[in-house]
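Taking it in order: structure first as structure tokens, then the write-up.
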Amino acid sequence: MRISVIGCGYLGAVHAAAMAELGHEVVGIDVDPLKIDTLAKGGAPFFEPGLTELLEQGIAAGRLSFSTDIEAARGASVHFIAVGTPQRPDGSADLGAVHAAMRAVLAVAAPGDLLVGKSTVPVGTAQALLPEVERTGAALAWNPEFLREGFAVRDSLEPDRLVYGVAPGDTRSAGVLDRVYAELLIAGSPRMVTDLATAELVKVAANAFLATKISFINAMAESSTRGSASEGGACRKTSAASSPGRTSSGSAPPSTSCATSTPSTCAAATGSWS
Ligand SMILES: NC(=O)c1ccc[n+]([C@@H]2O[C@H](COP(=O)([O-])OP(=O)(O)OC[C@H]3O[C@@H](n4cnc5c(N)ncnc54)[C@H](O)[C@@H]3O)[C@@H](O)[C@H]2O)c1
């Protein structure tokens, strides 16, 4: 398949290289000419084990290219949006790059193309973007990313979950994403199809859960230090008592119930559903 990846930062560069590794013809697009120049030469703009090799292989095979020109995305049938969503000083997400990337890609997308959001966004973002996308005859799905920096290549090629958020009545987009990720699905990566808002919530919930675990274990370490307990021992034993399985934090998720979330969101967020 022909794929474009808009935004070639940490997430986008790894995703573009991974998609080329899966056999797709991929163009990565970014507004940063220095980043694109580095990537086009097979260099990784940041350190990530295995990424340079993946970039070099994709470029040498003629399946991976990079450009600053959005016109290069014309002709792709799937367009991943992987731009940054930094936090504003008031804590809200700055969606300026998502809107700019969507507008740019819609100008070159053909009816029937699929736009796939990978950026982490507040719940409701995709639904708000939907009318603008559907007016052009394209479709919109949200496919959040759970890769861990330092394990990004492995997590992209052996994901512990694939979550597809699709619009109401959309019976086609999940099948398109299944073709994109066919090799990973055959290898056994679990995949879950939800509505757009649930897909967004799964990622936000996973981030919040990770932050909760870090805060909790820091608090445990602090109480251990104040008392006579061994800090390392208490932390290790707390982790060991929780259920096995990998999460986006790379550690075992504590057994938990999600009182405020649907079971599917809870399971996908913690990565523990079967
Ligand atoms: N880094 C991670 O480990 C990770 C993991 C999961 C999800 N995410 C999410 O993925 C998104 C991207 O994160 P990142 O770490 O790759 O950010 P990043 O800052 O490394 O990269 C964002 C890239 O988008 C580019 N960009 C901005 N506007 C653009 C536009 N209009 N057109 C094309 N390119 C544009 C920037 O130049 C930059 O290279 C965020 O929403 C983040 O929360 C990141």
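Counted the way this note's numbering counts, the sequence shown spans residues 56 to 329. Where a beta carbon is used, it is the ideal one built from N, C-alpha and C, also for glycine. Here the structure is a predicted model, which is why all the values come from computation and not from measurement.
Excluding sequence positions up to five away, which residues of its chain have a Cβ less than 6 Å from the Cβ of Val231? Cβ neighbours of Val231 within its own chain (closer than 6 Å, five residues either side excluded): Leu169.
Out of Val221, Arg246 and Ile58, point me to the one whose CA is closest to Ala128's CA. Ile58
Unbroken alpha helix (DSSP H) run spanning Leu212, endpoints: Ala207 to Leu212
Can you tell me whether DSSP reads Asp250 as helix, strand or coil? Of the three classes helix, strand and coil, the one that applies to Asp250 here is strand, per DSSP.
Let me check understanding here. Comparing Cα to Cα, which of Val163, Thr180 and Ser244 lies closest to Gly151? Nearest neighbour of Gly151 by Cα position, chosen from Val163, Thr180 and Ser244, turns out to be Thr180.
Buried or exposed for Glu204, going by 16 or more other Cβ atoms inside 10 Å? exposed
Can you give me the start and stop residues for the alpha helix (DSSP H) that Glu76 sits inside? Tyr65 to Glu76
According to DSSP, is Glu80 part of a helix, a strand, or is it coil? strand
From what residue to what residue does the beta strand (DSSP E) around Ser59 run? Arg57 to Ile61
Output needed for Leu119: all residues of its chain with C-beta closer than 6 Å, excluding positions within five of it in sequence on either side, in chain order. Ala75, Val81 and Gly113
Which residue or residues does DSSP assign as beta-bridge partners of Leu169? BP columns for Leu169 point to Val133 and Ala194.
Please confirm if the stretch 134-141 is in contact with the stretch 62-72, defined as three or more CB-CB distances below 8 Å between the two stretches. With a cut-off of 8 Å, the stretch 62-72 and the stretch 134-141 count as touching, because enough Cβ pairs lie within range.
For the beta strand (DSSP E) containing Leu217, list its first residue and its last residue. Unbroken beta strand (DSSP E) run through Leu217: Leu217 to Val221.
Any non-hydrogen atom of ligand 1 closer than 7 Å to Glu200 Cβ: yes
Which of the three DSSP states, helix, strand or coil, is assigned to Leu202? coil
With a CB to CB cut of under 6 Å and the five nearest residues on each side skipped, what residues in its chain are close to Ala193? Excluding positions up to five away in sequence, the list reads Ala164, Asp168 and Leu170.
Using DSSP bridges, identify the partner residues of Leu119. Leu119 pairs with Val81.
Examine ligand 1 and report whether any of its heavy atoms sits within less than 7 Å of the Cβ of Tyr219. Placement of the Cβ of Tyr219 at a distance of 7 Å or more from every heavy atom of ligand 1 is found.
What's the call for Glu213, buried or exposed, on a 16-neighbour Cβ count within 10 Å? exposed
Go to Pro88, then tell me how far its alpha helix (DSSP H) extends in each direction, as first and last residue. That run of the alpha helix (DSSP H) goes Pro88 to Ala95.
Buried/exposed call for Ser147, threshold 16 Cβ in 10 Å: Taking all protein chains shown into account, Ser147 has fewer than 16 neighbouring C-beta atoms within 10 Å of its C-beta and is therefore exposed.
Among Gly97, Gln142, Glu126 and Arg216, nearest to Ile84 - alpha-carbon criterion: Glu126
Give the straight-line distance between the Cα atoms of Ala274 and Arg281, rounded to the nearest whole angstrom. 11 Å
Note down, in chain order, each residue of its chain lying with its Cβ closer than 7 Å to the Cβ of Val178, except the 5 sequence neighbours on either side. Ala252, Glu255, Leu256 and Val259
Quick check: the Cα distance between Gly130 and Gly243, rounded to an integer number of angstroms? 30 Å
Identify the residues that DSSP records as bridge partners of Ala148: which are they? Gln142
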